[in-house]
Amino acid sequence: MNTTYDAIIVGARCAGSPTAMLLARKGYRVLVVDRATFPSDTVSSHVVHPLGAAALARWGLIDRLTATGCPPMHTYAFDFGPFTLSGSPGTKDAPVAYCARRTVLDKLLVDAAAEAGAEIREGFTVEEVLTEDGRMVGIKGRSKGGETVTERAKLVVGADGRHSLVAEAARPNQYNERPPLLAGYYTYWSGLPIDGRFETYIRAHRGFAVAPTHDGLTLTVGGWPYAEFETNKKDVEGNFLKMFDLAPEFAERVRGAKREAPFAGAPVANFFRKPYGPGWALVGDAGYNKDPITAQGITDAFRDAELCAIALDQTFTGARSFDDAMGEYQRTRDQHVLPMYEFTCQLATLEPPPPEMQQLFGAIHGNQKAMDGFVQMNAGTISPAEFFSPESIGAIMAARA
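Quick note, the working numbering runs 10 ahead of the 1-based positions in the sequence shown.
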């Protein structure tokens, strides 16, 4: 016998579990499937920027994250070599960020979805997305025990990442595409205290960042232009450690630390996908993906989960048509993220900033209000469109004068 759900969500991590939780809290019958079991790891940018932490607070989950021992980050610092721009990344209501191991964060989110009433099936491999008369109606796959299972729903949600099976079956329009721009990798160190700071080091054709994470470890993430990917992947460790020499003081700190894990990472393409169609929707990286250099992925997934859950609730209750509600979801998503998308793609080239940008950075340096604004723009707290507006730049340059 087939069970009919309101929604089947493929993927249980940072986009899927919050979407399931929010729908289940409204009383909908939700099934979540994931080929992984939890806790488990996945390649990630790790950072939950302040607006992502604010979402966890709205959902009643921020205390659970802090209880895991994830240290808050109260300061972001951007070291350009000659000078450093540092400030507070958040707002009065959401002042700090976190750098969370996905073994911890994803398990927390899966548990919250289950507590809300969603049915969670771990170790479930989706083999086929079912369609009838041009409409997506369910999934077919294998359970952890190996049984073949078919389930049906009003809607199938793809929260299964940039290589989404749901998106592959739906074949949505893809737009604003950019090729891979950066080859990024990360690892963890012990004995490298960072004291609540998220430090980023920017050099010509190189960039790396450092953040405190769970278990007393420190994350280091960095990379080089994609043009060097094939050559440098032959010695990721050697090329990664060479980056530190571009910041001698930091390199000296690392010499006293111990690397605790292999390097992980992969270049990614940049794109938008139409996030809905007959019987299906996309959230998180399945619908929109960009280079991880600005570490926006987790916060973006949380935002998508809220927007999509609102739209689906309006559809299920009959308050709005599916196309109307989901069209607004797409427009709101795109309007919010496009400035950060453009900023991220430019940053990911690792090209030295042009002279006018260097002049602006010089004016920002030493102006704490401007440095806070620069930091908040990088954190996604304010939009790059707002920070780089003529009015904002004019104010910064006037203060310098």
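Here a beta-carbon is modelled for each residue, glycine too, at the ideal position from N, C-alpha and C.
Taking C-beta separations shorter than 7 Å and ignoring five residues to either side along the sequence, the partners of A321 in its chain run A335, M336, E338 and Y339, following chain order. With a beta-carbon spacing of about 5 Å, E137 and G151 fall inside the 8 Å limit used to define contacts. Sequence-distant partners of T135 (beyond 5 residues in either direction) whose C-beta falls short of 7 Å from its own C-beta, in its chain, are R45, G151 and R152. Looking at the DSSP output, F88 sits in a beta bridge with L95 and T210. At a Cβ-Cβ threshold of 8 Å, P190 and A279 count as neighbours.
Taking E209 as reference, the option from E240, G133, A177 and I303 with the minimal CA-CA separation is I303. The C-beta distance from E161 to L41 rounds to 6 Å, short enough to fall under 8 Å. Nearest Cα to D344 within the set N249, M253, R213 and G297: G297. Closest option to A291, judged by alpha-carbon separation, among P99, L115 and V166: V166. Taking the CA atoms as reference points, F397 sits about 7 Å from G383.
Collapsing the DSSP output to three states places L140 in a strand.
By the neighbour-count criterion, in which 16 or more other beta carbons inside 10 Å mark a residue as buried, P60 falls on the buried side. Excluding its 5 nearest sequence neighbours in each direction, G287 has C-beta neighbours in its own chain below 8 Å: M146, A180 and P182, listed in chain order.
The DSSP-derived three-state label of I19 is strand. Positions of the alpha helix (DSSP H) runs, each at least 4 residues long and wholly inside the stretch 317 to 388, are given as 332 to 357 and 365 to 374 in order along the chain.
With the rule of 3 Cβ pairs closer than 8 Å, the stretch 248 to 262 does not count as touching the stretch 97 to 117. The stretch 19 to 56 is shown to contain whole alpha helix (DSSP H) runs of 4 or more residues at 26 to 35, in chain order.
Counted as a single uninterrupted DSSP element, the stretch harbouring R111 is not any alpha helix (DSSP H), since DSSP gives it neither H nor E. Sequence-distant partners of P81 (beyond 5 residues in either direction) whose C-beta falls short of 6 Å from its own C-beta, in its chain, are P222. Comparing alpha-carbon positions, the option among N186, A373, V293 and G144 lying closest to F93 turns out to be A373. For F326, same chain residues with a beta-carbon under 7 Å away, outside a window of 5 residues either side, are D16 and Y38 in chain order.
Spanning the alpha carbons of H346 and G156 requires a straight line of approximately 42 Å.
Cβ neighbours of R269 within its own chain (closer than 8 Å, five residues either side excluded): T197, Y198 and W199. Taken through DSSP and simplified to helix, strand or coil, I130 comes out as strand. Taking C-beta atoms as the reference points, L360 and P235 count as a pair closer than 8 Å.
When the beta-carbon positions are compared, E132 and T76 stay at least 8 Å from each other. Bounds of any beta strand (DSSP E) do not take in R181, whose DSSP letter is neither H nor E.
If you look at T228, you'll find it in the beta strand (DSSP E) that goes T228 to P235.
With contacts defined as CB atoms closer than 8 Å, T52 and R112 qualify as a contacting pair. The Cβ-Cβ distance between V58 and I392 does not fall below 8 Å.
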